[in-house]
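Accompanying notes for the structure given below.
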Amino acid sequence: MSRLTQEMCRTGWYYRIIQEGSIRAGDEIVLVERPHPLWTVARVQHYLYIEKENMGMMKQLADLKSLGMEIRNIFENRLQRKFENQEQRLLGDNVMALDTWTDYRFVQKEKETPTVTSFVFEALDLRDSPQKVQPGTHVRLKLGGRLIRAYSVLEGNQNRFTLGVALNPQTSRGGSLYLHRALKEGDTITISEFSATFPLATEADRHVLIAGGIGITGLLASARELQQECQRYHLHYIIRSAKEVAFKSLLDELSPNVTIYTKEKDRLFDVSKVLQNTDRNAHIYCCSGERLMNAVRNTAKKFGFPERNVHSESFQASTTGDPFTAELAESKKKVEVLGEESLLNALRSAGFDLPSTCEAGNCGTCRVGVRKGRIEHRGTGLLENEKTLRC
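Residue numbers 236 to 626, in the numbering used here, belong to the letters of the sequence shown in order.
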C-alpha cells in the first residue's frame, strides 16, 4: 500500500470511515478539522522515503503527535542515527544504516606504487573531539551523480584522514578512476561518517593478519592499533613484486611484526606454514581477492580453527553462478537472475531503485531479509547465517 501511494501519488487508501453513511451526487463536503495543514500524507511520505537526510524535517515529524508511533520512531531513529527498516514494503526485512554526510577538502595525494595512491582529506568544519580511526574503519564517498564508493581508512581522525586506492586500468570501476584521474587538490567531496565494519576480536590473545595486494588498506589500522596496545600479532603482506610495497612508512612502524611476500622463489606465501603452528584460539583476519581468501578459510578449517575465529573482507566478489528466480515477498513480483549477474543488478534492471556501495559483499548497504531458499552469496565478510546481501 505504501509503495502504491508513492508511485501513484494517491493517498486515499489511507482514509478511514469514522461514521458509515451514503453519498449522493450533489452532496456538500465540509472540512471539519485539519490540525496540520502543511503535513499532507504525500508530504510525510516524501520525507519518509525520498528526502531522508533533511534533519530539520525529521525533527518536526518526530514531534508530530498525530502520526502513529511506528512512523514517528523512524524519524526519531534517524535523528539519533540508529537503524530503520526502510524498505520492508519492497523486499522484506532490509535494515539500512543511516549516514551523516560531511564536506571534506582533498588536500594531498602521494604515489605509493605504480598502481596505488594515497589520498588525504581534511574536513571543512573541524570538530572539537574528532573520532580517531578504529580497526576496520571505512568511509563512503559521493563521487558525482549517484556514484558512491566505500574505501578503507589507513590513518587519521574525522578531521583529517588518509585513504589508499588502487587503480587497475582493466578492472577498476568508476570510483577509482574518478579519484586517480579527475579529483584535483582543493576539490570538495562529500564523505560519510566513519564506520568500523571489520573490527578486531577483543577477546583474542593473538591476531594473524593476512593482506593480499590492496587488501593491506583494510588491515593497516588494525595492525597499528595492535602495535600501540602491545598485543601479540603478525601482519603477512602478499604482493607480486617488491616494487608493489605500498605505505612503506606505515609498515616501518610495525617492524618486526610484518612479513612481506612476493612471487620470488624464496619469498612465497605458504598459508599452511603460517597457520599450522598458530594457536587455535588465535583470530585470523584476511583482506584480499577471492583466491587467497578461499585458501585461508579452507586451511584454517583443515587445522581446526573455529569458523568464528576467521574474519575476512574481500576486495573482489564473484557473481557467476546458476541462474535463479527471486520472488519479492511484499510485491509478489518475480525477477529472473542470470548466472553472470547479482541479485542487486537484476533488481535494478527490473526497475527497483536500490542503494549499494562496495558491491563486493562487505559493507552491508544492500542487506535484505531472506524468507525462504538457499543463499549463494559470494561475499566473504559474513558467516553462513548472515549471508543476506543482494550483491
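Just so you know, even glycine gets a beta-carbon here, dropped at the ideal spot from N, CA and C.
Determine the contact status of P370 and A446, defining contact as a CB-CB distance below 9 Å. no
Does the beta-carbon distance from T513 to R441 come in below 9 Å? yes
Residue from W336, T352 and L378 with nearest C-alpha to A358: W336
Considering Cα atoms alone, identify which of R502, G586, A564 and S549 is closest to S387. S549
Residue range of the unbroken alpha helix (DSSP H) whose run includes E205: The structure shown does not extend to residue 205, since the chain is modelled only from 236 through 626, so no value can be given for it.
Give the DSSP-derived three-state secondary structure of F310 in the structure shown. helix
As assigned by DSSP and simplified to three states, the class of V509: helix
Whole angstroms is fine: what's the gap from A436's alpha carbon to S547's? 12 Å
Do the CB positions of L229 and H271 come within less than 9 Å of each other? Absent from the structure is residue 229, since the part of the chain shown begins at 236 and ends at 626.
Is it the case that the stretch 342-353 contacts the stretch 393-402, given that we only count it when at least three CB pairs across the two stretches are under 8 Å? yes
Excluding the five sequence neighbours on either side, which residues of its own chain have a C-beta within less than 8 Å of the C-beta of I252, listed in chain order? none
Spatial neighbours of T425 within its chain, please: C-beta separation below 8 Å, excluding the five flanking residues on both sides. W336, T337, D338, Y339, L376 and K377
Any contact between the stretch 473-491 and the stretch 412-424? By contact I mean 3 or more CB pairs, one from each, below 8 Å. no
Using 8 Å for Cβ pairs, my map puts D570 next to A585. What's the rounded Cβ distance? The identity of residue 570 in the sequence shown is Val, whereas the question assumes Asp. Yes, V570 and A585 are in contact; Cβ-Cβ is about 5 Å, under 8 Å.
Going residue by residue through the stretch 271-301, where are the continuous alpha helix (DSSP H) segments of at least 4 residues, counting only ones entirely within it? 276-280 and 290-297
Reduced DSSP secondary structure (H/G/I, E/B, other) of G608: coil
Length of the line joining the Cα atoms of L579 and S411: 21 Å
Segment contact flag, the stretch 515-527 with the stretch 448-455, C-beta cutoff 8 Å, min 3 pairs: yes
Pull up the CB-CB distance for L485 and L455, whole angstroms please, since I reckon it's below 8 Å. 6 Å
Through-space distance from N492 to H469, alpha-carbon basis: 5 Å
Considering only residues of the same chain and omitting the five flanking positions on each side of A297, which have a CB-CB separation below 7 Å? R307, F310, E311 and L314
For a quick check, are the C-beta atoms of H281 and T352 less than 9 Å apart? no
Use the C-beta contact count for A581: other C-beta atoms within 10 angstroms, 16 or more gives buried, fewer gives exposed. buried
Among G256, I473, K607 and S566, which one has its Cα closest to the Cα of V531? I473
Where does the unbroken alpha helix (DSSP H) through G409 begin, and where does it stop? G409 to L412
Exposure label - V265; buried when at least 16 CB within 10 Å: exposed
Nearest by alpha-carbon distance to V400: which of K367, G453, V368 and F429 is it? G453
Should C522 be labelled buried (16 or more other beta-carbon atoms within 10 Å of its own) or exposed? buried
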